[in-house]
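Chemist:
Numbering (the numbering used here), first residue to last: 614 to 794.
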């Protein structure tokens with residue numbers, strides 16, 4: 614089984630005539646991620662059921678095209694289509710340091726493995742294939758992939774968790790702005 618990075622994504626279903634939520638309705642949703650030129654990065658179609666408020670909660674990233682995408686080629690856009698109607702398209706936003714990180718272009722596996730990275734009470738220790746994320750009470754092992762100056766870490770326990778790190782040239786920065794030195 615291949616472990617993929619994943620993105621949580623939500624869309625609202627509203628009745629076109631009344632504007633009311635389409636609650637508890639199962640639909641086919643096509644989600645696409647494109648680059649700034651509109652070129653398709655990945656596409657997934659899945660069945661989902663809306664909640665009481667018409668909200669569909671989706672997990673995107675179950676395809677090999679998602680896993681193999683070059684995530685250093687920002688910006689990216691995500692869109693959802695239901696019943697052949699485009700519900701919207703928006704940019705996938707990143708912390709500002711990601712803009713800097715994509716320009717440095719010098720992250721290597723050797724840099725990652727050269728030390729234990731620490732920040733926010735946690736530590737990251739990289740080996741050839743895995744990264745150990747730990748504190749005094751717990752430990753979690755991820756597989757990882759380097760893409761440009763991005764590190765995409767895949768949860769090996771259940772495939773559901775993902776950690777994105779950006780390399781600034783001296784630090785690793787997690788998507789929640791935790792800095793590892």
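The C-beta atom is built at its ideal place from N, Cα and C for all residues, glycine as well.
Please read all numbers here as calculations on a predicted model, not as lab measurements.
Apart from the five residues on each side of it in sequence, which residues of its chain come closer than 7 Å, Cβ to Cβ, to residue 653?
Modeler: These residues qualify, in order along the chain: 645, 647.
Chemist: State the Cα-Cα distance for the pair residue 729 and residue 705, rounded to the nearest angstrom.
Modeler: The alpha-carbon atoms of residue 729 and residue 705 are separated by roughly 30 Å.
Chemist: Out of 635, 788, 701, 682, which one is the CA nearest neighbour of residue 759?
Modeler: Taking only the C-alpha atoms, the option nearest residue 759 is 682.
Chemist: At the level of alpha carbons, what is the spacing between residue 663 and residue 743?
Modeler: Approximately 36 Å between the Cα atoms of the pair.
Chemist: Around the C-beta of residue 666, are 16 or more other C-beta atoms found within 10 angstroms, so that it is buried, or is it exposed?
Modeler: Exposed: under 16 other Cβ atoms inside 10 Å.
Chemist: Need the endpoints of the alpha helix (DSSP H) that residue 722 sits in, please.
Modeler: Looking at the DSSP string, the run of the alpha helix (DSSP H) that includes residue 722 is 722-726.
Chemist: Return the bridge partner residues of residue 653 from the DSSP annotation.
Modeler: The partner list for residue 653 (beta bridge, DSSP) reads 647.
Chemist: Does residue 646 come within less than 7 Å of chain D when only Cβ atoms are used?
Modeler: You won't find chain D in this structure, because it holds only one protein chain.
Chemist: I'd like the span of the beta strand (DSSP E) that includes residue 693, first residue to last.
Modeler: Per DSSP, residue 693 belongs to the beta strand (DSSP E) from 689-695.
Chemist: For the candidate residues 696, 762, 659, whose alpha-carbon lies nearest to that of residue 725?
Modeler: Of 696, 762, 659, the residue nearest in Cα terms is 762.
Chemist: Should residue 630 go down as buried or exposed, given a rule of 16 or more other Cβ atoms within 10 Å for buried?
Modeler: Residue 630 is exposed by the Cβ-count criterion.
Chemist: What is the DSSP secondary structure of residue 775, counted as helix, strand or coil?
Modeler: Three-state DSSP puts residue 775 in a strand.
Chemist: Do residue 670 and residue 623 have their beta-carbon atoms positioned less than 7 Å apart in this structure?
Modeler: Yes, these two residues count as a Cβ contact at 7 Å.
Chemist: Taking all protein chains shown into account, decide if residue 787 is buried (16 or more other Cβ within 10 angstroms of its Cβ) or exposed.
Modeler: Buried: at least 16 other Cβ atoms inside 10 Å.
Chemist: Please go through the same chain and pick out, in chain order, the residues whose beta-carbon is closer than 6 Å to the beta-carbon of residue 711, but skip the five residues on each side of it.
Modeler: Confidence in residue 711 is poor, its pLDDT being 46 and thus under 50, which makes the residue's placement unreliable; the coordinate value appears in the next sentence. Counting only Cβ-Cβ distances below 6 Å, and skipping sequence neighbours, we find 779.
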